[in-house]
Each structure stands twice: as C-alpha cells, then as structure tokens.
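Asker:
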Amino acid sequence: MPLRLAVLLVLLAVAAAEDPYRFFTWNVTYGTIYPLGVPQQGILINGQFPGPDIYSVTNDNIIVNVFNSLDEPFLIHWNGIQNRRNSYEDGVYGTTCPIPPGKNFTYILQMKDQIGSFFYFPSLGYHKAAGGFGGIKILSRPLIPVPFPPPADDFTVLIGDWYTANHTDLRAILDKGNKLPFPDGILINGRGPNATSFTIQQGKTYRFRICNVGLQNSLNFRIQGHKMKVVEVEGTHTLQISYSSLDVHVGQCMSVLVTADQQPQDYYIVVSSRFTTPVLTTTGFLRYANSNRPASGPLPGGPTTEIDWSLNQARSIRTNLTASGPRPNPQGSYHYGMINTTRTIRLSSSAGQVDNKQRYAINSVSFVPADTPLKVADYFQISGVFRVGSMSDAPTGGGIYLDTSVMGADYRAFIEIVFQNDEDIVQSYHLSGYSFFVVGMDGGQWSSASRNQYNLRDAVSRCTVQVYPKSWSAIYVALDNVGMWNLRSEFWARQYLGQQLYLRVYTTSTSLRDEYPIPKNALLCGRASGRRTRPL
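Pasting the structure below:
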C-alpha cells in the first residue's frame, strides 16, 4: 500500500473514532424579568431566563462560545461536569480569567465518562442571584443499557429560592460586611407561584430532572397524588425507591420517574423551603392532556422540620449496583470500600467578623481571591499568588483570618474528607472536577469510631453533599483528575464571603494523559497578562 494512502486511511480512522461535537453560541445580556411579579434586572442567555438546556450524550465534546454583553466580567461554571484533565475550563475565578465586557470566550468541555443531571450557572459577582443558569442532560450512549424504559418525555425542573432585589444590591450588602435578608420566594424554572406547568398523558411515565439552583435553602419537592421514583443522582443510577416528597439541597440534582396513573386533571406541584421560619412555598401544575379540571383540594403537605426525616431519606438513596454506568462496566465494580484511604481531611465551617465585616471560613481560613487565577499562576509559575498548604487538614479552633486557601493533594491518592457542621443550619458542599462516595452522615461530632457505620458497599456517588446542623458527613474521593479544583459552600453568600478553598491535585508528569496544557484561547489577566499560552 502506498505510504500516502496508508496515512490517509489512518487519519480517516482517527476522525471516525472521535466523539461527536455539539456547538452552542450564547449571548449573555441583562433584561427585565418578573419572576415574583415585580420588575428586576435579570441575566439572560440568548434572551432566555432560565438559559437553554445543554443536551448531550456520554463523551460528547461541547463547544460553547459565550459573548459577554454585560457591563462587568462574567464566568460560567459547569456544576458537576468533571472536565477531565482540564480545570482551566471549570469556569470559576480560581482557574479561569473572566470574560471582559464586550468580549467572548469559547469553553471546550467533554462529558467524559459521565451521565446524568447537572446544571450551569454564573460564578462571579453574585450573578447567580440574577439568573444565567440552565440544565445539563447527559444521556447514556445507545449501546449502554439504562435500568428503566425510555420515558415519554424528559423535563428539566430548576428550583431555587429567589430575591426581588437586583444582584447588584445584594452584592453591595455583602461587600459592606452585612448578612442578606431572608429570600422573597421560590421559583420553578424561573417563574413564581402557579406559573409553571408540565403536560403529561395518562398511562405514560415521565422523567423529571430536579436541580436546586438556589442561593441558600434546602427545598422539598412533591406532586399531589403522585409518587416519584428516584432513578439517578448527579450521574449515578440509584436503587429505584418511590417517595411522596424529596429533599433537594442547594447545588444538588436528581432524576425521578413519575407515572400518570391518576384521574385526568391538573395536580399541584409544591416546592417549599426546609428548616426555615417562615416556610416559603410555591406551586406549579402537573397537567393531564385533554383535561379541563383544575387542581383542587389542599396542597400536599411536606415533611416536618425534623432533621431525622431528611437524614433517613438521604441514607436510603444508594447506588444501583446492577446498573451500567457510562461505560460497559457496572458502576458497582469499583469496590471503594476495599481500598485503604491514605489521608483524612477534616473541614469545619465557622462564621464571624473580620475587621467588623461578616466573613465565613473553613478551618478558620476565609478565602480571599488572588489577583490572578490560581491555576493560571500555577501554569506560569508566578510566585506569591498562592501558597500550597495555606489551610490545615483539620480544624484549628482559632479565630477567622483571611488567606487564599489552597490545599495540596497527590494525584491518584484515595482520601477521606469529613465535613463537620457545628452550626445551626444545613450546609451543602460541592467539589468541582469529581464525584465522590458519600459513605456516612450522622449527628454529633465525627470521630474515628464513626467509620464503623460507614456504607462501604453501595454509597451513592455524587458531587454535592449536605451536612445537617450539629452533624457530620464523610466522603471518599479517588483523586484521579489533575488540576486546581474548587471545594466550596453552595450557600452562595457564604461562598462569596470566604467559605471555599482550592484543592491542588498535583503530579510531576507532563503527559497529556494526566493533564491538558493551558488552552490556546485562554484569557490571561492579573500577573499573567501579556504572557503567551504556548511557545511559538
């Protein structure tokens, strides 16, 4: 065979094997919205609030060209998308320079070995309080079996607490060192009470992907007269257990199947805040096709304010060990309970004043953003931007102080992280770039004896975990993703005022198998301004 023809055939084979590409062009603008009946400034994507869904399949390459038409810098974070070997695309300030006003940036993502329900949102400047969020659906590849029949339809349900004040006013309150007031209401897909509906046909089954995209409150979701069968949580197929109501904590997503097995009419969908006084409530409708009967009767009641109910429900959500994951091997083939952890990190939150301003901290360190994204500074070896080890592995018990907190970790280590919550609120933590096994949660203080109650067989794997008041939650993490990854509170005022850190997962290897280089199109700012991303 001639050499030229042989080379051509190889190139064609490589091209044919490449995973599909999906292209999106987004224009981010301000616009007037009325989610709770009063006008306010919202953030729209292509004129939409909420923004458009990203629909994809395992291993798809997602190219999103984002034009920033706001009057301030902007970033989008892909909540739960692992961005394998490429934390530069994570869309938080610790890894990525913001998109300047009037400019654009193209995110290059791959849904590598992932399935499930996730969402995106703006991560800078308290923009999350103005919108700019939307759903992400990652379906299994056609040859990979899914443990339930194809639903008749697949609905995105974005729920969250909401303020009628503009995000700039809320940000000003925080910048002055004050706490935010209680939220004004709850939205379902960007709309207030009785404004959202989903149409179904009797006898068919539907998938609802429910994500709490709010700012601080855990929410309870329920549908009048209907059971919800949980089938997936942030990329993990779960045991298929039916519930009459579900607690969804800030930053979390789950998929449920709902069968239209009732008399044809409208039924209330109710979302209410958990563990709050007063309780916020909003409603939508589940509408049977060709029915003219409105919803009637009392709203379906939610659980009491007791923690035990929610804790027991969380423990009941476990991995379906007989289901396939995004690849042909069963999810349960990873026997995490048989692997020894090499390190235990204990993280405890605290709230207090620093220089007469409200701050929040983890292990007494309240995070302060550097003048240059940490990952960018790491790549260019710019000294003085951050210090690895600026946060301890355990609570210090001391007062809150300010620092750019970065914790070092070794590539391919298998570690235990314990979140201790000594406060009176439910907390919620997210680790970018990873899914982790939620091996345990309980009330009181964690100790080494707490490991005796860990679930070492079928704990659910997810990217966001709740920690109940005066309680702890423990996770196991396989550090198989090199990069600089954000570990943060999903209570957004707390994140904004310091309750976050970065985990630097490091290897001396320069192989592309371990980490991609900085993208050619990377925006450079701070002390990295004017540098070249790659040598000519």
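For the sequence shown, our numbering begins at 65 and goes up steadily by one. No residue lacks a Cβ here, since even glycine has one placed at the ideal position from N, Cα and C. Quick caveat, the model's predicted, so the values are computed rather than measured.
How is E480 classed by DSSP in three states: helix, strand or coil?
Answerer: For the purposes of this step, residue 480 is taken as the residue at position 416 of the sequence shown. It is a strand residue.
Asker: Can you grab the Cα-Cα spacing for the pair Y570 / K167, in whole Å?
Answerer: To locate residue 570, count along the sequence shown from 1; it is residue 506. To locate residue 167, count along the sequence shown from 1; it is residue 103. Their backbone Cα atoms lie some 32 Å apart in a straight line.
Asker: In this structure, does DSSP put S337 in helix, strand or coil?
Answerer: As a first step, residue 337 is located in the sequence shown; it is residue number 273 there, counting from the start. The answer is strand: DSSP assigns S337 an E or B state.
Asker: If the criterion is Cβ atoms closer than 8 Å, does the pair L279 and P257 meet it?
Answerer: Residue mapping note: residue 279 aligns to position 215 of the sequence shown, counting from 1. Residue mapping note: residue 257 aligns to position 193 of the sequence shown, counting from 1. In this structure, P257 does not lie closer than 8 Å to L279 by Cβ.
Asker: Taking its Cβ as the centre, do 16 or more other Cβ atoms sit within 10 Å of E136, making it buried, or is it exposed?
Answerer: The residue labelled residue 136 in the question sits at position 72 within the sequence shown. With fewer than 16 Cβ atoms within 10 Å of its Cβ, E136 is classed as exposed.
Asker: With burial defined as no fewer than 16 other Cβ atoms inside 10 Å of the residue's Cβ, what is the status of V470: buried or exposed?
Answerer: As a working note, residue 470 is residue 406 in the sequence shown. That one is buried.
Asker: With a Cβ-Cβ cutoff of 8 Å, do V429 and L438 count as a contact?
Answerer: Here the question's residue 429 lines up with position 365 in the sequence shown. Here the question's residue 438 lines up with position 374 in the sequence shown. Result no, Cβ atoms of V429 and L438 do not sit closer than 8 Å.
Asker: If you compare alpha carbons, which of V156, L207, P114 is closest to V121?
Answerer: The residue given as residue 121 occupies position 57 in the sequence shown. Ranking V156, L207, P114 by Cα distance to V121 puts L207 first.
Asker: When DSSP labels each residue in this structure, what does S593 get in the three-state scheme?
Answerer: In the sequence shown, the residue the question calls residue 593 occupies position 529. S593 falls in the coil class under three-state DSSP.
Asker: Among N384, V343, N356, G348, which one has its Cα closest to the Cα of T369?
Answerer: Along the sequence shown, one-based indexing puts residue 369 at 305. T369 has its Cα closest to that of V343, out of N384, V343, N356, G348.
Asker: Leaving aside the five residues before and after R351 along the sequence, list all residues of the same chain whose C-beta is less than 6 Å from its C-beta, in chain order.
Answerer: Translated into positions along the sequence shown, residue 351 becomes position 287. If we look at R351 and ignore the five residues flanking it on each side, its Cβ neighbours are S261, T263, D330.
Asker: Taking only the alpha-carbon atoms, compute the straight-line gap between H399 and L520 and give it to the nearest angstrom.
Answerer: Counted from its first residue, the sequence shown places residue 399 at position 335. Counted from its first residue, the sequence shown places residue 520 at position 456. So the alpha carbons of these two residues sit roughly 8 Å apart.
Asker: What did DSSP end up calling D330 once you bin it into helix, strand or coil?
Answerer: Residue 330 sits at position 266 when you count from the first residue of the sequence shown. DSSP places D330 in strand when its eight states are reduced to three.
Asker: Rounded to whole angstroms, what's the CA-CA distance from I127 to R149? Just pull it up for me.
Answerer: Taking the sequence shown and counting its residues from 1, one reaches residue 127 at position 63. Taking the sequence shown and counting its residues from 1, one reaches residue 149 at position 85. Roughly 16 Å separates the two Cα atoms.
Asker: For R271 and S456, I'd like the C-alpha separation in whole angstroms.
Answerer: Sequence index remark: in the sequence shown, residue 271 carries index 207 (1-based). Sequence index remark: in the sequence shown, residue 456 carries index 392 (1-based). Each residue's Cα considered, the two are about 43 Å apart.
Asker: Express the C-alpha separation of P390 and G144 in angstroms, rounding to a whole number.
Answerer: Position 80 of the sequence shown, counted from the start, is the residue given in the question as residue 144. Position 326 of the sequence shown, counted from the start, is the residue given in the question as residue 390. Near 15 Å, if we compare the C-alpha coordinates of P390 and G144.
Asker: Among the residues of its own chain, which have a CB less than 6 Å from the CB of R273, if the five just before and after it don't count?
Answerer: As a working mapping, residue 273 is identified with position 209 in the sequence shown. So the qualifying residues of the chain are S181, T220, S319.
Asker: Could you give the distance in angstroms between the alpha-carbon of T436 and the alpha-carbon of S512?
Answerer: Counting from 1 along the sequence shown, the entry for residue 436 is found at position 372. Counting from 1 along the sequence shown, the entry for residue 512 is found at position 448. Approximately 39 Å between the Cα atoms of the pair.
Asker: For K201, write down the residues that DSSP places opposite it in a beta bridge.
Answerer: Here residue 201 is taken as the residue at index 137 of the sequence shown, counted from 1. Paired residue(s): Y119, S181.
Asker: As an exercise, report each continuous alpha helix (DSSP H) stretch of at least 4 residues that is fully enclosed by the region 428–501, in chain order.
Answerer: 438–444
Asker: Find the nearest neighbour of Q559 within the set Q491, K293, T386, judged by alpha-carbon distance.
Answerer: Here residue 559 refers to the residue found at position 495 of the sequence shown. Of Q491, K293, T386, the residue nearest in Cα terms is Q491.
Asker: When the Cα atoms are used, what is the spatial distance from F483 to T386?
Answerer: The residue given as residue 483 occupies position 419 in the sequence shown. The residue given as residue 386 occupies position 322 in the sequence shown. Cα to Cα, the separation comes out at about 30 Å.
Asker: My output table needs one value for N516: the three-state DSSP class, helix, strand or coil.
Answerer: Position 452 of the sequence shown, counting from 1, holds the residue named residue 516. Helix.
Asker: Measuring straight from C-alpha to C-alpha, what distance separates M402 and P209?
Answerer: Taking the sequence shown and counting its residues from 1, the one referred to as residue 402 is at position 338. Taking the sequence shown and counting its residues from 1, the one referred to as residue 209 is at position 145. C-alpha separation (whole angstroms): 27 Å.
Asker: State yes or no: is the C-beta of R298 within less than 8 Å of the C-beta of T528?
Answerer: Position 234 of the sequence shown holds residue 298. Position 464 of the sequence shown holds residue 528. Just to set this straight, residue 298 is Glu in the shown sequence, not Arg. Yes, Cβ-Cβ distance for E298 and T528 is below 8 Å.
Asker: For D442, does the count of other Cβ atoms within 10 angstroms reach 16, so buried, or fall short, so exposed?
Answerer: Along the sequence shown, one-based indexing puts residue 442 at 378. Buried, because 16 or more other Cβ atoms sit within 10 Å of the Cβ of D442.
Asker: If you compare alpha carbons, which of D83, T160, I252, A193 is closest to L108?
Answerer: The count along the sequence shown starts at 1 and reaches residue 108 at position 44. For the residues D83, T160, I252, A193, the minimum Cα distance to L108 belongs to A193.
Asker: I'd like to know whether the C-beta atoms of F183 and L222 end up nearer to each other than 8 Å.
Answerer: Locating residue 183 in the sequence shown gives position 119, counting from the first residue. Locating residue 222 in the sequence shown gives position 158, counting from the first residue. Yes. Within cutoff.
Asker: Who are the Cβ neighbours of D83 in its own chain at under 8 Å, not counting the five residues just before and after it?
Answerer: Indexing the sequence shown from 1 puts residue 83 at position 19. Apart from sequence neighbours up to five positions away, the residues of its chain that approach D83 with a beta-carbon distance below 8 Å are N123, D124, N125, Q174, ordered along the chain.
Asker: Could you tell me how far apart the beta carbons of A661 and V502 are, in whole angstroms, since I believe they sit closer than 8 Å?
Answerer: Lying before the first or after the last residue shown, residue 661 is absent from the chain, which here runs from 65 to 600.
Asker: Relative to the C-alpha of I53, which candidate in G462, T406, N404 has its C-alpha closest?
Answerer: Nothing can be reported for residue 53, as the shown portion of the chain is limited to 65 through 600.
Asker: Decide if A70 is buried, meaning its Cβ has at least 16 other Cβ atoms within 10 Å, or exposed.
Answerer: Taking the sequence shown and counting its residues from 1, one reaches residue 70 at position 6. Annotation note: pLDDT 35 at A70 (below 50); position unreliable, no value reported.
Asker: In this structure, how does DSSP classify G401 when only helix, strand and coil are distinguished?
Answerer: Along the sequence shown, one-based indexing puts residue 401 at 337. Helix.
Asker: Pull the bridge partners of V541 from the DSSP assignment, please.
Answerer: Reading the sequence shown from its first residue, position 477 is the one you call residue 541. Bridge pairing for V541: I479 [DSSP].
Asker: Which of helix, strand or coil does DSSP assign to E296?
Answerer: Within the sequence shown, the letter at position 232 stands for residue 296. Here E296 sits in strand by DSSP.
Asker: Per DSSP, what are the beta-bridge partners of Y560 in this structure?
Answerer: For the purposes of this step, residue 560 is taken as residue 496 along the sequence shown, with counting starting at 1. Beta-bridge pairing links Y560 to no other residue.
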